[in-house]
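Residue numbers (this note's numbering), protein chains in the order written: chain A, 72 to 474; chain B, 7 to 291.
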């Protein structure tokens, strides 16, 4: 009988141990002496610009970790960054995230990919109560009611529109035409821009869409010229930027063109001939919206520190794309400020609540966007107009324009 | 007229892709999905030759011809020749197009690269319209190329052999035509032609890794409108597609450009299912 009891006890104990091993997620630890574990995913092996942007994003997280570790880490915990390549594919991102959580739940997750990755990973993060930041906002990612532990790092199209309005008013433009590509961002750009411009008392006199695979923009520009705008607001990336500039020159139209951050990320306009069109007549009327941190300023210590730290982490010391993709640098600074306010780093809910406080945001040593305006009702940065500047196309060095 | 010049130039670019499709189709009854990518490679070689190596245009033309000839020859040997099922060619040539896209990104990057045009880049005013010299050159080259290929196909034994193969492959073999060698030759020659045309397409579109994808579908539409196997049909189909796209963008908006092209495409196919320049024939079985 005793032997049966012992066997039964052993079986139950073994089963309990097995179930404990299989069930749920591993604990994050999170004690004062443990590292603060940050998981960064990005499409490092993806094709083209996605990989380049992801590399900049990952480097920015690593550089920020180095800088914060120099001053004692997050609430006394040293930051440990783990980088995972999701190939820019949402299915892979979900698999890799689940694998990482099974190995040991990270304290913080930084998504360096497009919004499809955010859409796929946010429910998992929510389920596992993991604090997260992402650079590819979705329609719901900034809603604290849906995702209380997630914060968007990229300004929304509404925020970008604020910069356009300030510039248009400064230049005295009253009538604006909008040119946009047939992408989901293009649709969002024209919608938000139209609303914001109209609300600001400016007149939208024409909207023209171009196919993302179009090779000539002459018809769209002739259409816009018919409505006689004072300036054109444009979102485009890559070859379409070149087609617009060539078509403008062909029809001899010298209207001012205000490009968004995608235009500024197109190397064609920041590279002199023969590899680009910088300094030619084609860009004479082009102005580009960028973050103020993306323009080199020798007096801006916080940005210059970030750039130096990123160059130290970059392969060959070269930052692959503009600082616009370096938001992750700010994510760790925001968490560090919030953890200092809370007094510990192992309670993601408390950290998230602290990030909503204006006094914590004011203390955060962010560099890419100097001011974030999160609140209990919005986890979008809600950038103000002064976060953006309009510059003429100029050479790019270490992720910054040098007009 | 500015709009017309732009539409015709764009149509000429589409026609170039369709001509390549047709040369391969006539010889082998297969469809090379990577033909547009071969033109893309030609434009990148043109950029490298003219901008990086500072070579004169005729030398660059020869360089582009040789490079893309070799690329197309390799594609034939790797993606076409080993296959026993001709339907599988659709998959392997599609794979080749993806490979070429990736290779172009690795070698030349993802950003658009300007290709200078040897005829100048100043805007010309002609018949009340404005156009770049390369736009006029594209239309002229397309017309000359179609005339040349049509004439050559009827004048030379090689052309007649190709036409014979397209009509009846087995009969051509019985008449002593080396079908395998001709298929290889026409595949590689379509590549060589694409390489040279890159010198004209690049200045219009930039050398950019997405160019092949942008051209492939429209090239196919042009081929279907003109008729599979018809070289003159590619010119007419190309000009129709280019003009419809430009006019629809101008008068209905850019979002209707592709819809208008496909509306015209479907209308033509409903009236003439085999395309404008190919007649369907009844056969007794």
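For each residue, glycine too, the CB sits at the ideal point set by N, CA and C.
Keep in mind the model is a prediction, meaning the values are calculated, not measured.
Taking any Cβ of chain A, which residues in the segment 175-203 of chain B have a Cβ under 9 angstroms from it, in chain order? For the segment 175-203 of chain B, which is checked against every Cβ of chain A, not one residue is closer than 9 angstroms.
Bridge-paired residues (DSSP) for residue 329(A): Checking the DSSP bridge columns, you'll see residue 329(A) partnered with 304(A) and 358(A).
Does DSSP put residue 256(B) in a helix, a strand or coil? Three-state DSSP puts residue 256(B) in a helix.
Chain A partners of residue 261(B), CB-CB under 7 angstroms? Neighbours of residue 261(B) on chain A, chain order: 253 and 280.
The segment 107-117 of chain A in contact with the segment 170-184 of chain A per 3-pair CB rule at 8 angstroms: Three or more Cβ pairs closer than 8 angstroms define a contact, and the segment 107-117 of chain A meets that threshold against the segment 170-184 of chain A.
Pull up the DSSP beta-bridge partners for residue 107(A), would you. Residue 107(A) pairs with 150(A).
Those runs of the beta strand (DSSP E) which lie wholly inside the segment 330-396 of chain A and span at least 3 residues: Considered as a whole, the segment 330-396 of chain A harbours 357-362 as its complete beta strand (DSSP E) runs of no fewer than 3 residues, in chain order.
Residues, ordered as in the chain, of the segment 116-127 of chain B that lie near chain A by beta-carbon distance below 8 angstroms: Answer set for the segment 116-127 of chain B: 116, 117, 118, 119, 120 and 122.
Under the three-state DSSP convention, the category residue 266(A) falls into: DSSP places residue 266(A) in helix when its eight states are reduced to three.
So which residues of chain A does residue 138(B) contact, with C-beta pairs closer than 8 angstroms? Against chain A, the beta carbon of residue 138(B) has neighbours under 8 angstroms at 317 and 321, listed in chain order.
Using the Cβ count rule (16 or more neighbours within 10 Å means buried), how would you classify residue 42(B)? Result: buried.
Mapping DSSP to helix, strand and coil, what is residue 203(A)? Collapsing the DSSP output to three states places residue 203(A) in a strand.
Against residue 284(A), what residues of chain B qualify as contacts under a CB-to-CB distance less than 9 angstroms, listed in chain order? What residue 284(A) touches in chain B: 216, 219, 220, 221, 223, 224 and 264.
To the nearest angstrom, how far is the alpha carbon of residue 92(B) from that of residue 223(B)? Rounded to the nearest angstrom, the two C-alpha atoms are 21 angstroms apart.
For residue 256(B), which residues in chain A fall below 7 angstroms Cβ to Cβ? Here the neighbours are 290, 293 and 294.
So that I know if they touch, is there some Cβ in chain A lying closer than 9 angstroms to that of residue 76(B)? Answer no: the Cβ-Cβ gap between residue 76(B) and chain A never drops below 9 angstroms.
Mind checking if residue 276(B) is an interface residue toward chain A, Cβ cutoff 9 angstroms exclusive? No, residue 276(B) lies away from the interface with chain A (no Cβ there is under 9 angstroms from its Cβ).
Quick check: the segment 339-351 of chain A against the segment 422-432 of chain A, are at least 3 beta-carbon pairs closer than 8 angstroms? Contact fails between the segment 422-432 of chain A and the segment 339-351 of chain A, because fewer than three Cβ pairs, one in each stretch, are under 8 angstroms apart.
By a C-beta neighbour count over all protein chains shown, 10 Å radius and 16 as the cutoff for buried, is residue 174(A) buried or exposed? By the neighbour-count definition (other C-beta atoms within 10 Å, threshold 16), residue 174(A) is an exposed residue.
For residue 212(B), would you say it is in contact with chain A, using Cβ-to-Cβ distances shorter than 9 angstroms as the test? Yes, residue 212(B) lies at the interface with chain A (some Cβ there is under 9 angstroms from its Cβ).
Ends of the beta strand (DSSP E) at residue 179(A)? Residue 179(A) -> beta strand (DSSP E) spans 179-182.
Contact set between the segment 330-350 of chain A and chain B, restricted to residues whose Cβ is under 9 angstroms from the partner: Here the close residues are 337, 338, 339, 342, 344, 345, 346, 347 and 348.
Using a Cβ-Cβ cutoff of 9 angstroms, what residues of the segment 55-66 of chain B are near chain A? List them in chain order. Here the close residues are 56, 57 and 58.
Given that residue 310(A) touches chain B, what residues does it touch there, using C-beta distances under 9 angstroms? The contact set of residue 310(A) on chain B, defined by CB atoms closer than 9 angstroms, consists of 117, 118, 211, 212, 214, 216, 217 and 220 in chain order.
Beta-carbon within less than 6 angstroms of residue 269(B)'s beta-carbon, same chain only, minus the 5 sequence neighbours each way: which residues are those? Hits under 6 angstroms: none found.
With DSSP as the reference, please indicate the residues paired to residue 138(A) in a beta bridge. Looking at the DSSP assignment, residue 138(A) forms no beta bridge with any residue, so it has no partner.
Mind listing which residues of the segment 91-104 of chain B have their C-beta closer than 8 angstroms to chain A's C-betas, in chain order? Of all residues in the segment 91-104 of chain B, none has a Cβ within less than 8 angstroms of some Cβ in chain A.
With 9 angstroms as the threshold, decide whether the Cβ of residue 95(A) is near any Cβ in chain B. Confidence in residue 95(A) is poor, its pLDDT being 40 and thus under 50, which makes the residue's placement unreliable; the coordinate value appears in the next sentence. Cβ-Cβ to chain B under 9 angstroms: no for residue 95(A).
Could one say the Cβ of residue 159(A) lies closer than 9 angstroms to chain B's Cβ atoms, at least one of them? Under the Cβ distance rule, residue 159(A) does not count among the residues neighbouring chain B, no pair being separated by less than 9 angstroms.
Name, please, each residue of chain A whose Cβ falls closer than 9 angstroms to the Cβ of residue 21(B). Here the premise fails: no neighbours, minimum Cβ distance about 14 angstroms.
Buried versus exposed, by CB contacts within 10 Å (16 or more), residue 294(A): Flag for residue 294(A) reads buried.
Distance between beta carbons of residue 223(A) and residue 450(A), contact taken as under 8 angstroms: Confirmed, Cβ separation roughly 6 angstroms.
Give the interface partners of residue 146(B) over in chain A, defined as CB-CB distance under 9 angstroms, in chain order. Here the premise fails: no neighbours, minimum Cβ distance about 18 angstroms.
Identify the residues that DSSP records as bridge partners of residue 221(A): which are they? DSSP, once it has assigned bridges, lists 203(A) as partnering residue 221(A).
DSSP three-state label for residue 293(A), please. If DSSP states are grouped into helix, strand and coil, residue 293(A) belongs with the helices.
Give me the chain A residues within the contact set of residue 16(B), using Cβ-Cβ distance strictly less than 7 angstroms, ordered along the chain. Here the neighbours are 286 and 287.
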